[in-house]
Structure formats: structure tokens, C-alpha cells
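Q: Take a look at this one; I'll ask things after.
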Amino acid sequence: MQRMGMVIGIAPERIAEYKTLHAAVWPQVLARLAAAHVGNYSIFLREPENLLFAYWEYHGEDFEADMAAIAADPETQRWWTFCAPCQEPLASRAEGEHWAMMEQVFHVS
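Going by my numbering, the final residue of the sequence shown carries number 113, and the count climbs one at a time with no gaps.
Following this line, the structure appears as C-alpha cells:
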């Protein structure tokens with residue numbers, strides 16, 4: 005299992021919309037995440053900096069293939085058409101990233 009953290013900005017005027025979307029995530033999107041071995045997924049909001057921090061645990065064997073399967077899913081693509089306009093990717097993200105991946109520097113269980 006891999007613990008993964010990601011960060012992205014959020015447009016302040018779209019925070020309420022983003023919260024509403026995530027209060028009722030579409031079942032097909034949740035099922036696709038589960039099929040891609042993603043679990044224990046949380047998104048946190050930090051104001052007034054307007055940052056979203058996401059955490060998930062990946063339980064699969066082929067991260068690239070599982071992420072490609074999520075990206076290829078038509079319902080997930082449709083979901084992203086609602087979420088993406090709320091998000092403001094960080095200028096410092098790696099090429100090809102939307103959410104900027106973070107390095108884990110500490111964990112205790």
C-alpha cells in the first residue's frame with residue numbers, strides 16, 4: 005500500500021460549488037476509484053490560502069495503468085468537467101500533473 009498526498013488551488017468563488025459536488029460524489033466515479041485500487045480517499049480545504057489537499061491509499065500493483073483507467077472512464081471525465089473549473093493547478097506542479105503530488109516525510113500508525 006502506498007499513501008499519497010496531492011495539492012491544488014481552488015478558486016475562492018467556487019468553494020461552495022466544490023463542496024456541494026463532493027457532498028454527493030457520483031457512484032460511478034467512486035466505483036471507478038475502487039476498481040483502480042484507490043481507497044481511504046479524503047480531500048481537505050485550507051482557507052484563506054484556498055488550497056485543497058487530497059490523501060489516498062493506493063493498494064494496486066500498477067499505478068500508471070490504474071490511473072490511465074480512471075482517466076479513460078467516460079463518467080470520470082464528465083465528473084472532471086464540473087470539478088476542473090473550480091481548481092487552480094499550482095505553477096510548481098510537474099509536467100503532466102493537474103494535482104501536484106507531494107512527498108511523504110512522516111507517518112505513524
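Ideal Cβ positions, reconstructed from N, Cα and C, are used throughout, including at glycine.
In this text, all values refer to a predicted model and were calculated from it rather than measured experimentally.
(1) Less than 8 Å between CB atoms is the rule here; does ALA27 satisfy it with respect to chain C?
(2) Since ILE62 contacts VAL33 with CB under 8 Å, what's their CB separation in whole angstroms?
(3) Tell me whether the stretch 65 to 75 and the stretch 10 to 27 touch, counting them as touching only if at least three CB pairs, one residue from each stretch, are closer than 8 Å.
(4) Can you look up GLU92 in the DSSP assignment and give me helix, strand or coil?
(5) Under 8 Å, do PHE57 and GLY9 count as touching if we go by C-beta distance?
(6) Quick one: complete beta strand (DSSP E) runs, 3+ long, within the stretch 55 to 101?
(7) Would you call the CB atoms of CYS90 and ALA15 closer than 8 Å?
A: According to the data block:
(1) Of the protein chains in this structure there is only one, and it is not chain C.
(2) The question names Ile, but residue 62 is Tyr in the sequence shown. Cβ-Cβ separation between TYR62 and VAL33: approximately 17 Å, too far for a contact (criterion under 8 Å).
(3) No, the stretch 65 to 75 does not touch the stretch 10 to 27.
(4) Strand at GLU92.
(5) Their beta carbons are under 8 Å apart, which means PHE57 touches GLY9 by this criterion.
(6) For the stretch 55 to 101, whole beta strand (DSSP E) runs of length 3 or above, ordered along the chain, are 55 to 62.
(7) Judged by beta-carbon spacing, ALA15 lies within the 8 Å limit of CYS90, meaning their Cβ atoms are closer than that value.
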